[in-house]
Amino acid sequence: MPNGLLSYTIMKGRQKTEDYIRILSSRALKIIELNLGKDFIFQQDNCPIHKSALAKKFFKDSKVTLLDWPPYSPDLNLIENVWAILSQEIYGSGTIKNLKELEYKLKLAITNFNETKGSVTENLYKSIPARLCEVLQCHGERIKY
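Here my numbering runs 1 ahead of the position in the sequence shown, where the first position is 1.
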């Protein structure tokens, strides 16, 4: 079971598959393994850098099991719920003037989330099996989450 805490890395510019693989191998997979052990199923969306031949090879070589992802089902990705909470905190107080202010507000929002809302991610994580079943029952159509 994950601990409910968020970790982040600021990545500037247009991302390439190599950038994605670097963040996975240097941070993300290590954090996931700390929380879930080596036997986990990795969930990602259909972003081109996630589905590239190089990314597929990385996952295969790393022996990471991927969740099959329906092309139009963002409702399965719990990070969308987390982003909605963070976005409200980041953008809710008005216009952001520059990148430095955005980075500051992001850091503040994640720190606040980790101090006060860790159970949100735990509950979202626990809801994944029910979400998967509901999508199957709806034949891949959008669900309410």
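All C-beta atoms in this analysis are idealised placements derived from N, C-alpha and C, irrespective of residue type, glycine included.
Model, not experiment: these values are computed from the prediction.
Beta-bridge partners of T122 (DSSP): none assigned. At a Cβ-Cβ threshold of 7 Å, N82 and L37 do not count as neighbours.
The criterion of a C-beta distance shorter than 7 Å is satisfied by H51 and Q45. With contacts defined as CB atoms closer than 7 Å, G14 and S120 fail to qualify as a contacting pair.
Fewer than three pairs of CB atoms, one per stretch, sit closer than 8 Å, so the region 108-123 makes no contact with the region 61-69. Spatial neighbours of D62 in its own chain (CB-CB distance under 7 Å, excluding positions within 5 residues in sequence) are not present.
A54 is the residue among E135, E34 and A54 whose C-alpha sits nearest the C-alpha of E19. Separation of R132 and P71 (C-alpha to C-alpha, rounded to the nearest whole angstrom) is 13 Å. Taking the Cα positions, G95 is about 43 Å away from D40.
Rounded to the nearest whole angstrom, the CA to CA distance from E102 to I80 is 23 Å.
With a contact defined as Cβ atoms closer than 8 Å, I91 and K118 miss out at about 14 Å. Setting aside the 5 residues that flank it on each side, I32 is surrounded in the same chain by S8, each with a C-beta closer than 7 Å to its C-beta; the list follows chain order. Judged by DSSP in its simplified three-state form, L68 adopts coil rather than helix or strand.
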